[in-house]
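So the structure is just underneath, and the comments pick up after that.
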Amino acid sequence: MRIGVLTSGGDAPGMNAAVRGAVRAAFALGAEVYVVQEGYAGLVAGGDQIHPCVWGDVSNIMQLGGTSLGTARCAAFRSPDGRRLAVKHAIEKGLSRLLIIGGDGSLTGADVLRSEWPSHVEALLGSGDLVPAQTKGHEQLLVVGAVGSIDNDMWGTDMTIGCDSAMHRIVDAMDTLTSTARSHQRSFVLEVMGRHCGYLALAAAICGAADYVLLPEAPEHDWQKKMGAAIAAGRDRGKRKSLVVLAEGACDVDGEPITAEMVRAAIEAETDVEARITNLGHVQRGGTPSAYDRVMSTVLGTQGAARLMSMAPGAEPLLMTTRGHEVIDKPLMECVRGSKEVARAIAEKRFDDAIEARGTEFAELLQLQRTLVSARDLTVDGGKRLLIAHIGAPAPGMNAAVRAFGRVVADAGHQPLVALEGLHGMLNDQLRPLDWLDTEDIASAGSAVFGTHRWWPQEPHDVVALDAALTRHDIEGVVLVGGFECLRAAAQLQTMGLPVAVVPATISNNLPATDRSLGCDTAENAICEAVDRLKQSAIGSRRRVFVVEVMGRACGYLAAVTGIGTGAETVYTNEEGIDLKRLETDVAALTHSFEEGREVGLVLVADAASDAYDANALSRIYQGEARGRFDTRLCVLGHLQQGGRPAPRDRVAAARLAARAATHVATSSGAVVFGIDGDRIIATPCLQALDAADLEHRRPKTPPHQRLVTYAKDLTDVVVAKSVPTTRRPSLQTPPWAPGHKV
Ligand code: ADP
């Protein structure tokens, strides 16, 4: 069997990972792969633009932005004549199964091509451009799509390829602007992409603590006055900067476009604050793919190729979509129609329909953004006194959780308080009310600015002391942010009759009841960036194997998932264990691949993968067995995985989880842990979550993210295959300066 792979429409970081995954999965499943360069333009042009692909062609591209296959907007493909040429050239190369990675335009084009295919074949046979021997077995086109779009504008999928990387670019810019705006007490209007979809703008507004956001889906009457009032209220409370995020496609309630200049002028008219415009433009499209875009795009590509190969003749086209960590195939045209319906709802000013169609997360973020900005003074009199405290190691996202907690609690008329130095601080009356400015700029800060502590009430006398402290301060509900100990502490607090909510925050992502914990996405990015640097460092010396130790203890999530994102040849986790037999096989395979031309190798080890074979021992074993074919270097990434500014996904999750936790302790009883399940937030009783935990190994008995870890395990074999020859065609656009890691 032969499949074709192409990227089309607007480029998006992560497309390379999808192509690499697809090509290698197809090889592993026994197919041949042809790649089409420059999108549909390559199909229309034919010739060398459609060529066979070998294993090494997709080496060393995953960490690059854009698409190495090239992409284009192709006017010729919009006409039946152009598409007839595309059919001719595809069939000449023996192709009638295509994996297409592009936006809704490209995917619509794919469906048009598919529906016309038989008539074009008939016409091409009639004209003699093709002969029956060529068209046999290619009477119909089979299509699988994956959405490459930084806008996250496709209906039916949680995320699209490139959106998370664009969020990284935007949030970096917001953090940068914030520091200069604060110095000069300035306001900035930040215009971000999203012609029909406000997801980027909305998520950015939450991540970067914007004062106001303008979206295509949610125009407001008198937006100038509302925006001005929000900015003025912030200034009155002592804020030194204001940020307004504008989606490219934002309109007013009459459907009239709102430009950045209009926003700037409105700020200056409504307030006495000077405003500047920053338009991020194509910066948002470019750059290195984020960890999420590397990992999920790889999964989408591999699953997409496998699905394409298993399709029966005449099958409807499919779209590979994501739901949390899961990949689900759906009818392609149903998703495309759903996306077009949202655009129509906006055009017809049915904004509620548009918001609903964007999904649970979008609607929730919109409500949350309004609350975060409008929350009145946080030092409220009356209401309940509600406390937030961290337990355990700091995790990026903890501060964003405190911000959302403070504002949601105050918005509901209650008093938000924060424990200093964790729950332990409470014992010595170390707590204080949160004020508005306290929470203004902390969302972007790493670690835990109010301090954290490992202590939790384990012994009966601890429980008595904590109970006394909470009573002393009239605390009526507690939100705990942290790892495993939060679940245990919550169970204790429950016995005191207090409502408790846990927000999972640990880079190891080892808690039950959630797909992911705060901090793990930041850590995944830190690992991918660090490994990029390591690989880069080997350009001059070559023939090097890096043994990299990552955190996670007995939970192999970080190692397994970043194994996909870094293209590691081998990943060692505690769950799988390490023994001599496995080591022998792994070392032999890697050594053999160096004989075949590999230049850099990567081995990832979770820090508690094995007592006997720790990273140091593994490094020596690989070195000992290399016998001159490569050098081994050990790198323990350590606490750099725990620090740094929180990644966008951690900030967004922190705000959503903490808002739900705040509402729980203000209005309900019992102890629950809030977790992420696809695009929803779910609540699980803490006792039930503890039952689902393997307390000895501090990991879930059945991890909610098991699906991704399973993908990871399969992928390491399928996508990396340690001993495959690594010949590369020079025609693909891998820059000569890119690290020579052939995986
Ligand atoms: P995106 O895929 O990012 O949405 P476009 O909408 O520009 O980007 O589509 C990319 C290409 O897909 C177009 O240049 C064109 O070649 C093809 N295409 C888009 N829409 C159609 C259509 N309705 N019919 C045929 N081809 C289309």
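Counting in our numbering, the sequence shown tops out at residue 746, every number present. Glycine included, each C-beta is placed from N, C-alpha and C at the ideal position. Nothing here was measured: the structure is a model prediction, and the numbers come from that model.
Buried/exposed call for residue i, threshold 16 Cβ in 10 Å
{"i": "residue 698", "result": "exposed"}
{"i": "residue 84", "result": "exposed"}
{"i": "residue 545", "result": "exposed"}
{"i": "residue 536", "result": "exposed"}
{"i": "residue 584", "result": "exposed"}
{"i": "residue 352", "result": "exposed"}
{"i": "residue 472", "result": "buried"}
{"i": "residue 709", "result": "exposed"}
{"i": "residue 172", "result": "buried"}
{"i": "residue 669", "result": "buried"}
{"i": "residue 74", "result": "buried"}
{"i": "residue 667", "result": "buried"}
{"i": "residue 313", "result": "exposed"}
Residue i vs residue j beta-carbon contact at 8 Å
{"i": "residue 658", "j": "residue 371", "result": "yes"}
{"i": "residue 625", "j": "residue 639", "result": "no"}
{"i": "residue 604", "j": "residue 576", "result": "no"}
{"i": "residue 294", "j": "residue 247", "result": "no"}
{"i": "residue 249", "j": "residue 204", "result": "yes"}
{"i": "residue 37", "j": "residue 96", "result": "yes"}
{"i": "residue 274", "j": "residue 221", "result": "no"}
{"i": "residue 408", "j": "residue 664", "result": "yes"}
{"i": "residue 6", "j": "residue 100", "result": "yes"}
{"i": "residue 420", "j": "residue 375", "result": "no"}
{"i": "residue 256", "j": "residue 224", "result": "yes"}
{"i": "residue 482", "j": "residue 501", "result": "no"}
8 Å CB neighbourhood of residue i in its chain, flanking five on each side removed
{"i": "residue 725", "result": "Bear in mind that a pLDDT of 47 at residue 725, under 50, signals an unreliable position, so the number given afterwards is only what the model happens to contain. Closer than 8 Å at Cβ, skipping near neighbours: 572, 573, 589, 592, 593, 595, 596."}
{"i": "residue 494", "result": "674, 689, 690, 693"}
{"i": "residue 562", "result": "553, 555, 574, 575, 576, 607, 608, 609, 612"}
{"i": "residue 22", "result": "8, 10, 38, 61, 64, 70, 71, 72, 104, 304"}
Own chain, CB closer than 7 Å to residue i, minus 5 neighbours either side, in chain order
{"i": "residue 157", "result": "107, 150, 163, 338, 342"}
{"i": "residue 647", "result": "399, 449, 525, 529"}
{"i": "residue 743", "result": "Unreliable positioning characterises residue 743 in this predicted model, as indicated by a pLDDT of 36, which lies under 50. The coordinate reading is nonetheless provided below. 63, 542, 545, 602, 603."}
{"i": "residue 282", "result": "194, 263"}
{"i": "residue 637", "result": "550, 618, 619, 622"}
{"i": "residue 459", "result": "394, 426, 488, 491, 492"}
{"i": "residue 331", "result": "324"}
{"i": "residue 402", "result": "445, 446, 448, 451, 452"}
{"i": "residue 309", "result": "28, 32"}
Host beta strand (DSSP E) of residue i (start-end)
{"i": "residue 678", "result": "674-680"}
{"i": "residue 35", "result": "35-39"}
{"i": "residue 638", "result": "634-639"}
{"i": "residue 216", "result": "215-217"}
{"i": "residue 31", "result": "Run containing residue 31: none in the beta strand (DSSP E); it sits in the alpha helix (DSSP H), 18-31."}
{"i": "residue 1", "result": "The structure shown does not extend to residue 1, since the chain spans only 4 to 746, so no value can be given for it."}
{"i": "residue 105", "result": "100-105"}
{"i": "residue 10", "result": "5-10"}
Beta-carbon proximity list for residue i, same chain, < 6 Å, skipping 5 on both sides
{"i": "residue 159", "result": "324, 333, 338, 341"}
{"i": "residue 20", "result": "65, 297, 300, 301"}
{"i": "residue 395", "result": "457, 485, 486, 488"}
{"i": "residue 660", "result": "506, 677"}
{"i": "residue 105", "result": "11, 12, 151"}
{"i": "residue 16", "result": "68, 165, 168, 292, 296"}
Limits of the alpha helix (DSSP H) - the one that residue i falls within
{"i": "residue 364", "result": "363-377"}
{"i": "residue 1", "result": "Past the edges of the chain, shown from 4 to 746, lies residue 1, and the structure says nothing about it."}
{"i": "residue 282", "result": "Element bounds for residue 282: not the alpha helix (DSSP H) but the beta strand (DSSP E), 278-282."}
{"i": "residue 135", "result": "135-138"}
{"i": "residue 563", "result": "560-569"}
{"i": "residue 202", "result": "202-210"}
{"i": "residue 332", "result": "Here residue 332 belongs to no alpha helix (DSSP H); instead the beta strand (DSSP E) covers 329-334."}
{"i": "residue 651", "result": "651-670"}
{"i": "residue 409", "result": "401-414"}
{"i": "residue 45", "result": "43-48"}
Any non-hydrogen atom of the ligand NAD closer than 7 Å to residue i Cβ
{"i": "residue 108", "result": "Absence of the ligand NAD is noted for the structure shown, with the ligand ADP being the only ligands found."}
- Message: Check whether the segment 267-283 and the segment 227-239 are in contact - that is, three or more C-beta pairs closer than 8 Å.
- Response: yes
- Query: Is the segment 176-196 touching the segment 130-146, taking contact as three or more C-beta pairs under 8 Å?
  - Reply: no
- Message: Using 8 Å as the cut-off, can you tell me whether the segment 43-50 makes contact with the segment 123-133, which would need three or more C-beta pairs spanning the two stretches below that distance?
- Response: no
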